[in-house]
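Q: Can you keep this structure in mind? I'll have questions shortly.
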Amino acid sequence: MTQRPYVIDEMISAKAIAARVEALAQEIHAHFADTDKLVVVGLLRGSFVFIADLVRELHLPVEVDFLEASSYGNATESSREVRIFKDLRGEIEGRDVLVVEDIIDTGHTLKHVLHLLGGRNPHRLKVCALLDKPSRREVPVKADWVGFEIPDEFVVGYGIDYAQHNRNLPFIGKVRFTE
Ligand code: IMP
Ligand code: MG
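The sequence shown runs 2 to 180 under my numbering.
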């Protein structure tokens, strides 16, 4: 990707993220309080920071697994193809599963992942997304827990990248092009 010059304006502070992650973990804990084991599935790569913070606030028996999916736009944006690059290591049949996503944008990725994982007959299948851009939705999918609803801005930080940069920022910022 060619890089236009840009600056990053802070949108959600590290402190605000930490407080929200703690609150989300409490709600998720209440929902899964009776579980024998919760399989927390992080969608790579953007969820890696979020999942690390979230599982440390979840005082439940937890197993962590990862899935890498990527969506490709084609001529008709609303029929995007989603490819799986890395599948889960473990079985999820009969298990409680929590999918952890960084951002829900058009919804294609999550729709595909839920279809794939749902076909493996988990006991419960729920979704927690750090960010949601509802105004961008092309297919109707919803997370059970959302950290923050945000407007249609391109964001980076806290695991989320722009052309593989800025994943290591501790806050979430919006990309503003200066030229
Ligand atoms: P969807 O299939 O359009 O919902 O794609 C969601 C994925 O697109 C997210 O998991 C991100 O990897 C990526 N994405 C969407 N919005 C942004 C953004 O503002 N910044 C960086 N990545 C984004
Ligand atoms: Mg992603």
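Glycine residues also receive a C-beta, built at the ideal position from the N, C-alpha and C atoms.
Would you kindly check if the distance between the Cβ of glycine 108 and the Cβ of arginine 138 is under 8 Å?
A: Taking 8 Å as the Cβ cut-off, arginine 138 and glycine 108 qualify as a contacting pair.
Q: Straight-line CA distance for tyrosine 7 to serine 136?
A: Roughly 24 Å between the two C-alpha positions.
Q: In this structure, how does DSSP classify phenylalanine 14 when only helix, strand and coil are distinguished?
A: This sequence places serine at residue 14; phenylalanine is not what is there. Three-state result, serine 14: coil.
Q: Below 8 Å on the Cβ atoms is my contact criterion, and I expect aspartate 125 with glutamate 94 to pass it. Report the Cβ-Cβ distance as a whole number of Å.
A: For clarity, residue 125 is arginine in the given sequence; the question names aspartate instead. Contact doesn't hold; Cβ gap of about 12 Å is too wide.
Q: Would you tell me roughly how many angstroms separate the C-alpha atoms of glycine 91 and phenylalanine 155, rounded to the nearest one?
A: 33 Å
Q: Quick check on the burial criterion: 16 or more other C-beta atoms within 10 angstroms. Buried or exposed for proline 123?
A: buried
Q: Pick from Asp54, Ala34, Glu58, Arg46: whose alpha carbon is nearest that of serine 71?
A: Arg46
Q: For glutamate 69, which residues from the same chain have a beta carbon less than 8 Å from its beta carbon, with the 5 sequence-adjacent residues on both sides left out?
A: Leu44, Leu45, Arg46, Ile85, Phe86, Lys87
Q: Contact defined as beta carbons within less than 8 Å: I believe valine 56 pairs with valine 50. What is the distance between those atoms, to the nearest angstrom?
A: Rounded, the Cβ-Cβ distance is 12 Å, inconsistent with contact.
Q: Which stretch, first to last residue, makes up the beta strand (DSSP E) that contains isoleucine 105?
A: 97-105
Q: May I have the straight-line CA-CA distance separating asparagine 169 from valine 128, to the nearest angstrom?
A: 24 Å
Q: Considering phenylalanine 51, what are the terminal residues of the alpha helix (DSSP H) in which it resides?
A: 49-58
Q: From the DSSP output, in three-state form, read off alanine 70 for me.
A: strand
Q: Less than 8 Å between the C-beta atoms of isoleucine 29 and leucine 99, yes or no?
A: yes
Q: Hey, is glycine 108 close to ligand 1, as in C-beta under 7 Å from one of its heavy atoms?
A: Indeed, a heavy atom of ligand 1 lies less than 7 Å from the Cβ.
Q: Should serine 72 be listed as close to ligand 1, given that the test is whether its C-beta is under 7 Å from any heavy atom?
A: At least one heavy atom of ligand 1 is nearer than 7 Å to the Cβ of serine 72, so yes.
Q: Counting only beta-carbon separations shorter than 8 Å, does lysine 112 have a partner in chain B?
A: The displayed structure is made up of one protein chain only, and chain B is not part of it.
Q: I'd like to know whether the C-beta atoms of valine 176 and tyrosine 159 end up nearer to each other than 8 Å.
A: no
Q: Tell me where the alpha helix (DSSP H) around leucine 111 begins and ends.
A: 109-119
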